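**Student:** Dumping the structure here so I can ask a few things about it.
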Amino acid sequence: MREIAAKARVNLALVSYHFGGKEGCLAELYRAKMVPSAQVRTESLRKMGAEADLEAVLATWLAPMLDLHDHEEFAERHALMTFMQTHHPSLAARLFSEVFDSTNNVFVAALLQRLPLLSRPTVIWRLHALAGATQIYRDGVYQDAMRALSNGECMANDHGEQFRQLIAFAVAGFSAPEPSPAPVRSARKVEKSRLLSAPASGRGNT
C-alpha cells in the first residue's frame, strides 16, 4: 500500500480512506478491468434477434474468454484473474459473482429461448462445463500433453482453432437432451447402503 501511495504521489491515509486497504484496491482494479467487458457482452446478447442461432449466442459469450480481439487487454485480465484466484480466492469468488452474474443470467435466458426442452438447471450445469473447458484451453494446462498426443497438430496458442473446437463442442453439448433422471432409491436401500459402508466396529453395535 505504501508503494501504491508513493507511485500515486498521495498520502497513504488517503489511499486507505478511499479503498480501505489492499483488498479494496484489488476489488476496484478487478471491477475496472472486468466490468466493461461484461457490459459489452451483456449488450451484445441482449441485442441478438430471435433469428440468431445457438452457435451465434455461444460465440458471443465465449469470444471474450479467449484471446480473439485485444491481446494486451486479454493478457491483463487473465493475469489479474489468476492472481486473485491464487492469492485472494474468497474475494475473487465474490467479485466474479458481482460482475458476471447479470451477464450469465442473460446468456442462460438466451440459451433457454433456443433450447426450450432443457431445464434451467441443466443449462447452468452445461454453462459451467463449458467455462471449465475454456479455462483449461485459456490457461494452457495440458498444452504439452495435447501437443505430444497430436504429434504437434494441436497447439494451445492457436486461439482461433480453440474457438472453433469449443463452439462445435458447446453446440453439441447444449443440444443434447436432458439426462435421464437418477433412479429413486427407497429409504430401506439407503439405510442398507449406509450400514454396509460404515466401519465394522460401528456395524457390530446396531
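Numbering-wise (numbering that gives the first Met the number 0), the sequence shown opens with residue 0 and increments by one.
Cβ coordinates follow ideal geometry from the N, Cα and C atoms, glycine included.
Bear in mind that the values here come from a model prediction, so they are computed numbers and not experimental data.
Which ranges would you report for the beta strand (DSSP E) in the segment 11 to 45 if only whole runs of at least 3 residues count?
**Tutor:** None, since the segment 11 to 45 contains no complete beta strand (DSSP E) of that length.
**Student:** Between L114 and L28, what straight-line distance do the alpha-carbon atoms span, to the nearest angstrom?
**Tutor:** C-alpha separation (whole angstroms): 37 angstroms.
**Student:** So for M80, helix, strand or coil by DSSP?
**Tutor:** It is helical.
**Student:** Between which two residues does the alpha helix (DSSP H) carrying L126 extend?
**Tutor:** Note, L126: alpha helix (DSSP H), R119 to D138.
**Student:** Can you name, in chain order, every residue of its own chain whose Cβ lies under 7 angstroms from the Cβ of N156, other than the five neighbours on each side?
**Tutor:** Excluding residues within five positions, none has a Cβ falling inside 7 angstroms.
**Student:** Grab me the residues of T205's own chain with a C-beta within less than 7 angstroms of its C-beta, minus the 5 sequence neighbours each way, in chain order.
**Tutor:** Here the model assigns T205 a pLDDT of 48, short of 50, so the residue's position is not dependable, and the following value carries that caveat. So the list reads L194, once near-sequence residues are dropped.
**Student:** So does the segment 93 to 110 actually touch the segment 28 to 48, counting three or more Cβ pairs closer than 8 angstroms?
**Tutor:** The segment 93 to 110 vs the segment 28 to 48: in contact.
**Student:** Quick one: grab the DSSP three-state call for V183.
**Tutor:** Three-state DSSP puts V183 in coil, outside helix and strand.
**Student:** My output table needs one value for T205: the three-state DSSP class, helix, strand or coil.
**Tutor:** Only weak support is given to the placement of T205: the predicted model assigns it a pLDDT of 48, under 50, and the value that follows is read from those uncertain coordinates. Of the three classes helix, strand and coil, the one that applies to T205 here is coil, per DSSP.
**Student:** Assign M0 to buried or exposed, taking buried as 16 or more other Cβ atoms, counted over all protein chains shown, within 10 Å of its Cβ.
**Tutor:** M0 comes out exposed.
**Student:** Could you tell me whether the segment 42 to 58 touches the segment 109 to 124, where touching means 3 or more Cβ pairs closer than 8 angstroms?
**Tutor:** Touching, yes.
**Student:** Looking only at its chain, what residues have a beta carbon closer than 6 angstroms to the beta carbon of R93, apart from the 5 residues adjacent to it on each side?
**Tutor:** Counting only Cβ-Cβ distances below 6 angstroms, and skipping sequence neighbours, we find nothing.
**Student:** Count the C-beta pairs between the segment 84 to 99 and the segment 123 to 140 that are closer than 8 angstroms, then say yes if the count reaches three, no if not.
**Tutor:** Output reads no: the segment 123 to 140 does not touch the segment 84 to 99.
**Student:** Ignore the nearest five residues each way along the sequence and tell me which others in M33's own chain have a CB closer than 6 angstroms to its CB.
**Tutor:** Once the five neighbours on either side are set aside, the close Cβ partners of M33 are V98.
**Student:** Using three-state DSSP, classify N150 as helix, strand or coil.
**Tutor:** DSSP places N150 in coil when its eight states are reduced to three.
**Student:** Hey, could you find the ends of the alpha helix (DSSP H) N104 is sitting in?
**Tutor:** Here the alpha helix (DSSP H) through N104 covers P88 to R113.
**Student:** Would G172 and A128 be called neighbours here (beta carbons separated by less than 8 angstroms)?
**Tutor:** In contact: G172 and A128 (Cβ atoms closer than 8 angstroms).
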